[in-house]
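Here's the structure, in structure tokens; my notes come after.
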Amino acid sequence: MSETTYRFQKTNRTLMERLFEAPAVGKMSPVAKVVAYVLLAVWSFFVLFPIYWVIITSFKDAAAVNQGPFYIPFVDYQPTLDAWRIQFTEDTFCNFGAIGRQMGLLVYNSFAFIVSPIVSLQPMEPQICKIYLAFTNSVVISIFSTGLCVFVGSMAAYALARIQYRPRFGNIMIFVLLIVAVIIATTYVGIPWWASAAVALALFFFLARALRGWFKMSLGNGDILFWIISQRILPPVVVVIPLYVMFQAVGMLDTHMALILLYAVANMPIVVWLMYDFFRHLPIELEESAQLDGATRLRIFWEIVLPLTRPGLAATTLLILVLSWNEYLFAVFLATVKVQTMPIMVAAKNTGEKGIFWWEMSALIVVMIIPVILMAVLLTRFISKGVLMGAVKG
Amino acid sequence: MAEMGRAASVRFENVEKSFGSVKVLVDFDLEVKSGEFVVLLGASGSGKTTALRILSGLEEPSAGQVYIGDQSVTEILPKYRDISMVFQSYALYPHKTVAENIAFPLKVRKVGKSEMDAATLSAAKQVQIENLLERYPRQLSGGQRQRVALARAIIRRPSVFLMDEPLSNLDAKLRGHMRAQLKHMQKSMGITTIYVTHDQIEAMTLAHRVAILEKGVLQQLATPAEIYNDPANLFVAQFIGSPPMNVIRGNLDGNHLVTNGVRVDTPVAGQIAQAVMGVRPEDCAIAPPSEGTLSGKIYTNELIGDHALVTIDWGGDQISVKAPKDFPGEMGDDIGVVIPRDHLFVFDETNGRRVR
Numbered sequence: 000m001s002e003t004t005y006r007f008q009k010t011n012r013t014l015m016e017r018l019f020e021a022p023a024v025g026k027m028s029p030v031a032k033v034v035a036y037v038l039l040a041v042w043s044f045f046v047l048f049p050i051y052w053v054i055i056t057s058f059k060d061a062a063a064v065n066q067g068p069f070y071i072p073f074v075d076y077q078p079t080l081d082a083w084r085i086q087f088t089e090d091t092f093c094n095f096g097a098i099g100r101q102m103g104l105l106v107y108n109s110f111a112f113i114v115s116p117i118v119s120l121q122p123m124e125p126q127i128c129k130i131y132l133a134f135t136n137s138v139v140i141s142i143f144s145t146g147l148c149v150f151v152g153s154m155a156a157y158a159l160a161r162i163q164y165r166p167r168f169g170n171i172m173i174f175v176l177l178i179v180a181v182i183i184a185t186t187y188v189g190i191p192w193w194a195s196a197a198v199a200l201a202l203f204f205f206l207a208r209a210l211r212g213w214f215k216m217s218l219g220n221g222d223i224l225f226w227i228i229s230q231r232i233l234p235p236v237v238v239v240i241p242l243y244v245m246f247q248a249v250g251m252l253d254t255h256m257a258l259i260l261l262y263a264v265a266n267m268p269i270v271v272w273l274m275y276d277f278f279r280h281l282p283i284e285l286e287e288s289a290q291l292d293g294a295t296r297l298r299i300f301w302e303i304v305l306p307l308t309r310p311g312l313a314a315t316t317l318l319i320l321v322l323s324w325n326e327y328l329f330a331v332f333l334a335t336v337k338v339q340t341m342p343i344m345v346a347a348k349n350t351g352e353k354g355i356f357w358w359e360m361s362a363l364i365v366v367m368i369i370p371v372i373l374m375a376v377l378l379t380r381f382i383s384k385g386v387l388m389g390a391v392k393g
Numbered sequence: 000m001a002e003m004g005r006a007a008s009v010r011f012e013n014v015e016k017s018f019g020s021v022k023v024l025v026d027f028d029l030e031v032k033s034g035e036f037v038v039l040l041g042a043s044g045s046g047k048t049t050a051l052r053i054l055s056g057l058e059e060p061s062a063g064q065v066y067i068g069d070q071s072v073t074e075i076l077p078k079y080r081d082i083s084m085v086f087q088s089y090a091l092y093p094h095k096t097v098a099e100n101i102a103f104p105l106k107v108r109k110v111g112k113s114e115m116d117a118a119t120l121s122a123a124k125q126v127q128i129e130n131l132l133e134r135y136p137r138q139l140s141g142g143q144r145q146r147v148a149l150a151r152a153i154i155r156r157p158s159v160f161l162m163d164e165p166l167s168n169l170d171a172k173l174r175g176h177m178r179a180q181l182k183h184m185q186k187s188m189g190i191t192t193i194y195v196t197h198d199q200i201e202a203m204t205l206a207h208r209v210a211i212l213e214k215g216v217l218q219q220l221a222t223p224a225e226i227y228n229d230p231a232n233l234f235v236a237q238f239i240g241s242p243p244m245n246v247i248r249g250n251l252d253g254n255h256l257v258t259n260g261v262r263v264d265t266p267v268a269g270q271i272a273q274a275v276m277g278v279r280p281e282d283c284a285i286a287p288p289s290e291g292t293l294s295g296k297i298y299t300n301e302l303i304g305d306h307a308l309v310t311i312d313w314g315g316d317q318i319s320v321k322a323p324k325d326f327p328g329e330m331g332d333d334i335g336v337v338i339p340r341d342h343l344f345v346f347d348e349t350n351g352r353r354v355r
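As structure tokens, this is what we get:
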């Protein structure tokens, strides 16, 4: 055995080599391991400590908070349930009997809403227990808006991933001009909106057909995608006042539907972008095969495409769910009384004249965090299971 | 529309296909008889898969008509064409069990449960996978996946059966086995089958007739024996046969081809300055230098098994000859080659056409 080969035997390396050289491509050297885990530990502390702090603060009273930062219950301060108790006692309606009645009301009101086209049932005003109301509002709004957003967004993404669109530049210009014409006709001339819209639509099809040869330039799927994501470029605070005015005009201020629609629309670009990438990487033969087997496009989407993108779908759903669960800005403008969500409740503990009620705020934050953690655990199962399934795909 | 479960004929009429400025199929005509097994053979990019996809409806032709039976299906959606297709990647649905995969074509047609189960079992039995029905594709080997894809294709007894390189992902041994099974199945079911491959052995063994494509142009459509023994042009002659046909350039003078200072007797006559003669290695014979049509030195002598392949340097060209397996020649030995006049093909090099 020659000198060189001998030196590279694993057991004969110098101390420095052993410390700094990775034993295999998929492994780390001892030093790298220590550095990596120290960094991870530091980062974990940064991430987890605020949660710990919020939890212990929710068991403090005003005095314990104002005395300064104390971190260890029973040693530094005496824990108390005051902050929690007050959430359920500040209103007369916050006892378990009242909450049970409210649940009944919720079922009744949903039923009334569903049958309203046929039978006129007046919805009953719930007696308000603020924390319960805010929590159910948050649940209803985030679940329905996420459902709507992911449903519509993933279909749009699939269409963009599979169908080539070539909208002609000229047609888009004609469309925009006609919309302007409709607005002018409706607001300044006084023609009913439906009449001007119908005329404009007819004109659009006529002009688009007549001028077909004129406009050669057309856009593609990439432009459409960019246009969709560009909706997120503006900071939301810029559009919140126009949105307020619009919802006011249609009488939807302070309704669940307003926030559901708004969140669905605001988050749609994210869904489209994420799902587009998942759909694009599916092998197209599966869909072609299903098509030859006689399946319709909708069936292919539901039965072949969606199950195969389940990991992506779960990740996207989780992201959108968290985004709408935590949304504050739109809610604070559009949900004034009845549909206040949890983030608004939390922010309301900053009372201004009496200062911030940190202990009560912490209790509310804990209430807000728990469902998110549950959801993450639940959906992560889908995510990891799905990834395995994709990895072995023929 | 062809009646369900009845084998139908297929016809391509002047079909053209271009992607942008690239012409993939040029004036493509092909007629496949009902119940016939036709193989589209060609290198990658020859347009064979495109032809298949046009027939399936996954691709639209730029011009021309496609018929199944007597009906033009050019404008008909794929799912109404009553065809089934086996993809190179098998295209099994990974989240469905084998049984669900096989039954999918019936499920979308809303066939009753009991009928569907019976059909699934019978299709599975036909390809011997009835014991795998509860498994998922990821738990199967390549050959088993291939069988599932086949079962899914035969379950509804289509009038035309399309296969896009179905065996190319299998190892050599399994490929031979599946080939035999495919041939048997096609014959017993009598379903019109169009099969795309780049493998000439598959084409020769499976097909009733072989269609050879190159650069989107149909070169020859004939039985395997005709393709081999009577190639229509230089491309077909060189494409088919292993080891490939010897090709030697020269000029045709009367009924002699003059090349490397030798006049070789040819079965055809003419005056062509740029001519090519082709002769298959197994039609030539080794001879002593003085008795050969031509003579040269041995370049290599490779023992293949049942024969030896001897390559001989001859002027600027090389010529391969199949010799008996005990042929003792060594590199550099002088050797003669007998080229039989009757097995010689002559082509016009300018257009590749066979001189007859």
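Protein sequences appear in the order of chains B and A.
Residues 0 to 393, numbered by numbering that gives the first Met the number 0, are exactly what the first sequence covers, in order.
Residues 0 to 355, numbered by numbering that gives the first Met the number 0, are exactly what the second sequence covers, in order.
Note that the Cβ used here is the ideal one computed from N, Cα and C, for glycine as well.
{"Item": "Option in 286/B, 57/B and 236/B with minimal Cα separation from residue 76/B", "Value": "57/B"}
{"Item": "Proximal residues to residue 169/A (C-beta, below 8 Å), its chain only, five neighbours per side dropped", "Value": "141, 142, 145 and 177"}
{"Item": "Proximity to residue 242/A [Cα-Cα], best of 291/A, 296/A, 320/A and 313/A", "Value": "320/A"}
{"Item": "Span separating the alpha-carbon of residue 104/A from that of residue 294/B", "Value": "8 Å"}
{"Item": "Nearest-angstrom Cβ-Cβ length linking residue 262/B and residue 156/B, presumed shorter than 8 Å", "Value": "Not quite, the Cβ-Cβ distance comes to about 18 Å (not below 8 Å), so this is no contact."}
{"Item": "Interface flag, residue 197/A vs chain B, CB-CB below 8 Å", "Value": "no"}
{"Item": "Own chain partners of residue 360/B with C-beta closer than 7 Å, once the 5 adjacent residues on each side are dropped", "Value": "345 and 348"}
{"Item": "Local Cβ density within 10 Å of residue 127/A, reported as buried at 16 or more and exposed below that", "Value": "exposed"}
{"Item": "Beta-carbon proximity of residue 271/A to residue 254/A, cut-off 8 Å", "Value": "no"}
{"Item": "Closest Cα partner of residue 181/B within the set 171/B, 352/B, 197/B and 169/B", "Value": "197/B"}
{"Item": "Boundaries of the beta strand (DSSP E) in which residue 144/A is found, first to last residue", "Value": "First-last for residue 144/A: 141–153, but that is the alpha helix (DSSP H), not the beta strand (DSSP E)."}
{"Item": "DSSP three-state assignment for residue 76/B, whether helix, strand or coil", "Value": "strand"}
{"Item": "Beta-bridge pairing of residue 296/A - partner residues as DSSP gives them", "Value": "312/A and 333/A"}
{"Item": "Under 7 Å by beta carbon: chain B residues contacting residue 107/A", "Value": "292, 293, 294 and 298"}
{"Item": "Interface flag, residue 307/B vs chain A, CB-CB below 8 Å", "Value": "yes"}
{"Item": "Any C-beta of chain B under 8 Å from that of residue 318/A", "Value": "no"}
{"Item": "Three-state secondary structure (DSSP) of residue 66/B", "Value": "coil"}
{"Item": "Contacting positions in the region 72–101 of chain A - beta carbon closer than 7 Å to chain B", "Value": "77, 78, 82, 83, 84, 86, 88, 89, 90, 91, 92, 93 and 94"}
{"Item": "Three-state secondary structure assigned by DSSP to residue 390/B", "Value": "The pLDDT assigned to residue 390/B is 34, lower than 50, so where the model puts this residue is not dependable; a value taken from the coordinates is nonetheless given after this. Three-state result, residue 390/B: helix."}
{"Item": "Cβ-based burial, residue 301/A [other Cβ within 10 Å; buried from 16]", "Value": "exposed"}
{"Item": "Under 7 Å from the C-beta of residue 285/B: neighbouring residues of chain A", "Value": "90 and 92"}
{"Item": "Distance between residue 93/A and residue 392/B (C-alpha atoms, nearest Å)", "Value": "Note on residue 392/B: pLDDT 40, under 50, position unreliable in the model; no value is reported."}
{"Item": "Closest Cα partner of residue 143/B within the set 320/B, 214/B, 296/B and 62/B", "Value": "320/B"}
{"Item": "Distance CB(residue 237/A)-CB(residue 36/A) smaller than 8 Å", "Value": "no"}
{"Item": "Within chain A, the residues that residue 343/B reaches when beta carbons sit closer than 7 Å", "Value": "In chain order: nothing, as chain A lies at least about 41 Å away."}
{"Item": "Neighbourhood of residue 261/A by C-beta distance below 6 Å, restricted to the same chain and skipping five residues each side", "Value": "293"}
{"Item": "For residue 24/A and residue 357/A, the rounded distance between their alpha carbons", "Value": "With chain A running from 0 to 355 in the structure shown, residue 357/A is simply not present."}
{"Item": "Bounding residues of the beta strand (DSSP E) (the contiguous stretch that carries residue 266/A)", "Value": "261–278"}
{"Item": "Chain B residues whose Cβ lies nearer than 7 Å to that of residue 55/A", "Value": "291"}
{"Item": "C-alpha distance - residue 179/A paired with residue 21/B, whole-angstrom precision", "Value": "51 Å"}
{"Item": "Residues near residue 157/A by beta carbon distance below 6 Å, same chain, minus five either side", "Value": "81, 82 and 83"}
{"Item": "Classification of residue 240/B by the beta-carbon crowding that lies within 10 angstroms, buried from 16 upward", "Value": "exposed"}
{"Item": "Residue 232/A and residue 278/A closer than 8 Å at C-beta", "Value": "no"}
{"Item": "Backbone CA spacing between residue 71/A and residue 59/A [nearest angstrom]", "Value": "13 Å"}
{"Item": "Check whether residue 47/A and residue 205/A have beta carbons under 8 Å apart", "Value": "no"}
{"Item": "Span of the beta strand (DSSP E), counted from its first residue to its last, around residue 94/A", "Value": "Per DSSP, residue 94/A belongs to no beta strand (DSSP E) and is neither H nor E."}
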